[in-house]
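Novice: Position one of the sequence shown corresponds to residue 0 (numbering that gives the first Met the number 0), numbered consecutively onward. We put the CB at the ideal spot given by N, CA and C, even for glycine. This is the structure, below, for whatever I ask next.
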Amino acid sequence: MATDILGKSGRDMLAALVAGQEDAEAMAELARQAAEEVFYHLLKDKRLEYHELGANYFDTLDPIRLRRHLVKRLESLGYEVTLAERSAA
Numbered sequence: 000m001a002t003d004i005l006g007k008s009g010r011d012m013l014a015a016l017v018a019g020q021e022d023a024e025a026m027a028e029l030a031r032q033a034a035e036e037v038f039y040h041l042l043k044d045k046r047l048e049y050h051e052l053g054a055n056y057f058d059t060l061d062p063i064r065l066r067r068h069l070v071k072r073l074e075s076l077g078y079e080v081t082l083a084e085r086s087a088a
């Protein structure tokens, strides 16, 4: 999770990728460090507040894209998918 690609942890991850880093554990460690950096700043600056957006937050941002993705996913699993709008109740 590189929230700020120009931050130190983001630059570290980019440098590792450019250098050909393929070790999953090493990349996971860099991502963990990036997350810790974000949490540190959230805890340090009392003016910042963390608000949980909910488990389906990203699903609500672009429902058409989500629908297209889910249809493709089901088709890749061997299903034939037909969608119909639900009538207003």
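1) Label A25 either buried or exposed according to how many other C-beta atoms from any shown protein chain fall within 10 Å of its C-beta, with 16 as the threshold for buried.
2) To which residues of the same chain is L73 closer than 7 Å at the C-beta, ignoring the five residues directly before and after it?
3) Taking 6 Å as the limit between beta carbons, can you name the residues of its chain near A47, skipping five residues before and five after?
4) Looking at the structure shown, is V70 part of a helix, part of a strand, or coil, going by DSSP?
5) Distance check for A14 and L29, CA to CA, integer angstroms please.
6) Using a threshold of 7 Å, state whether the C-beta atoms of L65 and D58 are closer than that.
7) May I have the straight-line CA-CA distance separating K45 from S86, to the nearest angstrom?
Specialist: In short:
1) Counted from its first residue, the sequence shown places residue 25 at position 26. A25 is exposed by the Cβ-count criterion.
2) In the sequence shown, the residue the question calls residue 73 occupies position 74. V80.
3) Sequence index remark: in the sequence shown, residue 47 carries index 48 (1-based). According to the sequence shown, residue 47 is Leu rather than Ala. Same-chain partners within the cutoff: L41.
4) Position 71 of the sequence shown, counted from the first residue, corresponds to residue 70. Three-state DSSP puts V70 in a helix.
5) Locating residue 29 in the sequence shown gives position 30, counting from the first residue. Locating residue 14 in the sequence shown gives position 15, counting from the first residue. Distance between the alpha carbons of L29 and A14: 11 Å.
6) One-based indexing of the sequence shown puts residue 65 at position 66. One-based indexing of the sequence shown puts residue 58 at position 59. For L65 and D58, yes; Cβs fall inside 7 Å.
7) Along the sequence shown, read from residue 1 onward, the residue named residue 45 stands at position 46. Along the sequence shown, read from residue 1 onward, the residue named residue 86 stands at position 87. Their backbone Cα atoms lie some 48 Å apart in a straight line.
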